[in-house]
Structures are given as structure tokens and as C-alpha cells.
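One structure is given below, encoded as C-alpha cells.
Structure below.
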């Protein structure tokens, strides 16, 4: 049994029929549930002819799915999260898709009611798994990468990068909150400035009116005094 690939399954999209599989059969029920959910999702939205997705199962494992809509086939692969790059896994699924499509055209797939016809393809899956393991072991041998760096050190560096990214995100959030607070204070200051300007204008108008009234009263008193003195 492969230590890299926990299971691989090829299924028909139209009715979720499992055509052939490799690995531990205990994962098949998870695959059926995932296939049903994927089918419901992509039936209701536009999709590319070839769709690649990854789904975490919540147990430090990850499903890699290649949906071949033109041929109505989906290719599942369950791996541990630390297996390596997604590019390797999807390359493995691409190889399976090409081999399976050349061996079984769509006309044969539509007519099949039982999966016995596809048992012969299990050998091809085993060969592809073996090739994938060689690629992975070529990148990571005896706990070291191909450049001699320990895998633990690489994981530590990745964790440090994640911590830095998380810290930077926290800083951005804090800066955003501070900026939002400053914008709030600035808006309040503008509102107070407008109120002060309005009150200042009102006081200026009131002061002008008072001066005009006072000047008018003084003028009338002056006229009154002149008039009575003249008499």
C-alpha cells in the first residue's frame, strides 16, 4: 500500500458509479458524499471543461479532485496534507485521465451498468502511484530535500513565514482600526467646525444689528436735541 496516496477512485458523474479504485476502501463513503456535493454544486453554476479542486476532510487529509465534464468522469485522490505540492498530485490525476480516456471512450462509459469492466485499469493506477512516489521521494529523501535541507527545517521556515504573514495581517487590521478611528474624529471635527462657523456668523450678524440700532438711536436723539433747542 502506498504511503503517499491513501486512495484513488474513478467515478461516473451522472450517477456516482464507482468505476475503479485503488487503496483503502474505508474512504469510499467519504468519496461518495463528496461526489454528491460536487455534483450538486456544479450542476447549478458555470464550470470549466476540466475543473481541479481540493477539499480538506478535517483529519489532516486532503482530497484532490479532477472533474472531466466532457467525458462525465471524476478522479479522486486522498492524500495526507504533507505529501508535497498540489502540482504533483494533479499531474498524477492528469495522467490517469489521459490513460483512462484513451482506454474507455465516452460511448462505453454510458452503456456500463457494473464496474467489472474497468478492473483492468487498476494496474494502470498502481503504475501511476509508483511513478508519483518516485517523484515525491526524489524531492524528499531521508528527511532531506534535494538540496540537502532537512524537511523539519523547511517546515519550520514555512511556519515562520506563516507567523510573519499572520503578524502583518494583524498589523494591517490594527492600522485599519486606527485609521477608521482617525476618520471618525476628523468627521466629528469637521461637524464641530461647521457648527462653530454658523454660530460665529450668527453672532456677527447680531453684533452688526446691535450696532446699527445703537447708531440709529443716537442719531434720533441727536436730531431730537437739535429740534427742541432750536425751538
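Numbering (the numbering used here), first residue to last: 380 to 610.
All C-beta atoms, glycine included, are put in the ideal place defined by N, C-alpha and C.
Computed from a prediction, not measured in an experiment: that's the story for all the values here.
Residue 351 - partner residues in DSSP beta bridges: Summary: the structure shown does not reach residue 351, with the chain confined to residues 380 through 610, and so no result is reported for it.
Integer-rounded CB distance, given that residue 399 should sit under 8 Å from residue 417: Going by Cβ atoms, the distance from residue 417 to residue 399 rounds to 19 Å, so no, they are not a contact pair.
Presumed contact (8 Å Cβ cut-off) between residue 447 and residue 429, rounded CB distance: Confirmed, about 6 Å.
Could you check which residue in 384, 474, 457 and 599 has the C-alpha nearest to that of residue 434? The candidate whose alpha carbon is nearest that of residue 434 is 457.
Contacts around residue 494, its chain only, beta-carbon distance under 7 Å, and the 5 residues preceding and following it disregarded: Within the same chain, and ignoring the five residues on either side of residue 494 in sequence, the residues whose Cβ sits closer than 7 Å to its Cβ are 396, 397, 398 and 399.
Per-residue burial, residue 410 [other beta carbons within 10 Å of its own, 16 or more giving buried]: By the 10 Å Cβ count, residue 410 comes out buried.
For residue 428, decide whether its Cβ has a neighbour in chain C, counting only Cβ atoms nearer than 7 Å. Reference to chain C is not applicable here, since this structure consists of a single protein chain.
Look up residue 434 in the DSSP assignment and say whether it is helix, strand or coil. In the displayed model, residue 434 falls within a strand according to three-state DSSP.
Assuming the contact rule is C-beta atoms closer than 8 Å, residue 488 and residue 452 should be a hit. Round their C-beta distance to whole Å, please. 7 Å between Cβ atoms; contact.
Nearest-angstrom Cα distance between residue 391 and residue 480? Cα atoms of residue 391 and residue 480: separation of roughly 12 Å, rounded to the nearest angstrom.
Can the beta-carbon of residue 455 be found less than 7 Å from the beta-carbon of residue 431? No.
What residue from 505, 575 and 387 has the CA that sits closest to residue 405's CA? Per the Cα distances, 387.
Cut-off 6 Å between Cβ atoms - residues of its own chain near residue 492, not counting five sequence neighbours on either side: Leaving aside the five residues that flank residue 492 on each side, none in its chain has a CB nearer than 6 Å to its CB.
How about residue 509: is its Cβ closer than 6 Å to a heavy atom in the ligand NAP? No copy of the ligand NAP occurs in the structure displayed, which carries no ligand at all.
In the DSSP assignment, find the unbroken alpha helix (DSSP H) run with residue 479 in it and report its ends. Segment 465-482, the alpha helix (DSSP H) holding residue 479.
Among 427, 570, 504 and 465, which has the Cα closest to the Cα of residue 440? Closest by alpha carbon: 465.
Which residues does DSSP list as the beta-bridge partners of residue 441? Partner(s): 435 and 458.
Report the CB separation of residue 614 from residue 475 in whole angstroms; it is logged as a contact under 8 Å. No answer is possible for residue 614: the residues shown for the chain start at 380 and end at 610.
Please report the straight-line C-alpha distance between residue 567 and residue 415, rounded to a whole angstrom. Computed Cα separation, rounded: 55 Å.
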